[in-house]
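Numbering (my numbering), first residue to last: 1 to 269.
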């Protein structure tokens, strides 16, 4: 029983392409949806679904976190209800575990083919897309992998020696567009350039991210906002001020360091 944990990013997409090229059987492809992926990721899922169907591979099974009452709860809803930021802002990874790992394991715990393997004392093979440049992640995961009694973790990209460039090449050779980065639109790990892109391309999503940050603000002590030691709101307001300055002044007429327009004023002596 071979299961793929699909993240809809470059590495995991290349891994699916490589498994198909090497005729490695895939029985189940799981995508854990936290409910806050950016639009390009949800669009790419449809693209990948078509490619998988055309190449005789199973479709993508979407899973997500549910409460004890069986109701779906997105990471955004959880943050708003609890008045907190995603756990990675505090240096923890529980948001990924709760909304990515747990839903996949819960699905497999009720998936009959997996149950059949475990009933016979075997392990389900789970393929994970760490590329050849991510040895540190593998080293960190190894102790847990060795203790896992239910899954045999496999890292095909590392086995093939595929780095990021190899993954990109494989995706393009398969006739697929590149998927772009997969992350929640309010992820504290986003770089400033990615925040700028979100602000300009998806202003409604950016507003929802600020709502999470503003809602958590009264409860923050060790961090200042979604940027950990800085707030997204402060960042974008600083960007707006800079843009306003550039609209008022020409490139040759920007304020100097003393905040006076034009040439530096004369100094005594």
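In this text, a Cβ means the ideal position worked out from N, Cα and C, and glycines have one as well.
Residue i (DSSP reduced to helix, strand or coil)
| i | result |
| --- | --- |
| residue 21 | helix |
| residue 37 | strand |
| residue 217 | helix |
| residue 12 | helix |
| residue 211 | helix |
| residue 238 | helix |
| residue 53 | helix |
Spatially closest choice to residue i from the options, by CA coordinates
| i | options | result |
| --- | --- | --- |
| residue 34 | 122, 173 and 62 | 62 |
| residue 183 | 2, 43, 7 and 3 | 7 |
| residue 171 | 4, 16 and 1 | 16 |
| residue 90 | 210, 179, 220 and 113 | 220 |
| residue 49 | 114, 214, 31 and 213 | 31 |
| residue 127 | 137, 121, 152 and 217 | 152 |
| residue 80 | 215, 5 and 46 | 215 |
| residue 64 | 28, 205, 102 and 1 | 102 |
| residue 3 | 207, 28 and 14 | 28 |
| residue 58 | 232, 26, 199 and 66 | 26 |
| residue 342 | 239, 206 and 240 | There is simply no residue 342 to check, as the chain begins at 1 and stops at 269 in what is shown. |
| residue 204 | 107, 19 and 36 | 36 |
| residue 162 | 132, 12, 202 and 9 | 132 |
| residue 195 | 236, 140 and 168 | 236 |
| residue 201 | 115, 185 and 117 | 185 |
| residue 177 | 23, 1, 24 and 45 | 45 |
Beta-bridge pairing of residue i - partner residues as DSSP gives them
| i | result |
| --- | --- |
| residue 2 | 125 |
| residue 31 | 62 |
Cβ-based burial, residue i [other Cβ within 10 Å; buried from 16]
| i | result |
| --- | --- |
| residue 38 | buried |
| residue 104 | buried |
| residue 188 | buried |
| residue 82 | exposed |
| residue 302 | Residue 302 falls outside the range modelled here, since the chain spans only 1 to 269, and no answer is possible. |
| residue 135 | exposed |
| residue 139 | exposed |
Residue ranges of each beta strand (DSSP E) run of no fewer than 3 residues wholly in the region 148–194, ordered along the chain? 151–154
Could you tell me which uninterrupted alpha helix (DSSP H) segments, each at least 4 residues in length, are contained entirely in the region 55–143, listed from first to last along the chain? Here the runs fully enclosed are 75–82, 102–109 and 112–119.
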